[in-house]
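Numbering (the numbering used here), first residue to last: 57 to 215.
Here the structure comes first, spelled out in structure tokens, and everything after it is commentary.
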Amino acid sequence: MADNASQAADLSASKVQPKNPHQYTAFVPYEPKPGEDYMNAAQTAHFQKILEDWRGELMEEVDRTVQHMQMENVNYSDPNDRASLETDMGLELRARDRERKLIRKITQALGRIKEGEYGYCESCGVEIGLRRLEARPTATLCIDCKTLEEKREKQMAQD
Ligand SMILES: [Zn+2]
């Protein structure tokens, strides 16, 4: 019976999350050897590759959209088509704006790798952890500080 319960828990944990375009998953999770130092050369290389690949992908996406929008601009002459096109473009531009911000964050994270600061909480200095960094390679806060920050932001929004 206990086995059934843990199996059910496993199943719900492995349920596919809705795909978040702002998450990068095209890498093999890093398996540290026993006793391996946190953020040694192999680990920083792992995250540098993730960040660079991700940034490359985002930049291609931005380029594609710009080309796509330029093409559509030429093709539409009907005013109704134009109106819906402009709504589409507004959405696209907002999405691109988010991507540009993300690209900036990734570049900053790459800078922290160079400085040897990557992977440590900016607020309290503890190790952010490999699994959390793989889920969120641009993270600058440990999960505790992040939770605290989110609570504070919520409180400020309520005041
Ligand atoms: Zn912290």
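Note that CB positions come from ideal geometry on N, CA and C, so glycine has one too.
None of these values were measured; they are calculated from a predicted model.
Pull up the distance between the alpha-carbon of residue i and that of residue j, whole angstroms please.
i: Leu114; j: Ile162; result: 10 angstroms
i: Tyr94; j: Val84; result: 18 angstroms
i: Arg120; j: Arg150; result: 15 angstroms
i: Gln104; j: Gly167; result: 10 angstroms
i: Arg138; j: Gln123; result: 17 angstroms
i: Lys210; j: Ala101; result: 36 angstroms
i: Glu87; j: Arg111; result: 23 angstroms
i: Thr203; j: Ala97; result: 29 angstroms
i: Thr186; j: Asp134; result: Sequence inspection shows Leu at residue 186; the Thr mentioned does not correspond to that position. For Leu186 and Asp134, the distance between alpha carbons rounds to 53 angstroms.
i: Gly181; j: Arg152; result: 33 angstroms
i: Arg208; j: Arg160; result: 25 angstroms
Enumerate in chain order the residues of its own chain whose CB-to-CB distance from residue i is below 8 angstroms, with the five nearest sequence positions on each side excluded.
i: Ala191; result: Gln79
i: Ile106; result: Tyr80, Phe83, Glu190 and Pro193
i: Met125; result: Met145 and Glu148
Since residue i sits in a beta bridge, which residues does DSSP pair it with?
i: Glu183; result: Tyr176
Enumerate in chain order the residues of its own chain whose CB-to-CB distance from residue i is below 7 angstroms, with the five nearest sequence positions on each side excluded.
i: Glu178; result: Thr196 and Leu197
i: Glu155; result: Leu114, Glu117 and Val118
i: Glu205; result: Leu197
i: Gly136; result: A small fix is needed here, since residue 136 is Asn in this sequence, not Gly. Counting only Cβ-Cβ distances below 7 angstroms, and skipping sequence neighbours, we find nothing.
Tell me which same chain residues have a C-beta within less than 6 angstroms of the C-beta of residue i, skipping the five on either side of it?
i: Ala213; result: none
Complete runs of the alpha helix (DSSP H) confined to the stretch 106 to 176 [at least 4 residues]: 135 to 171
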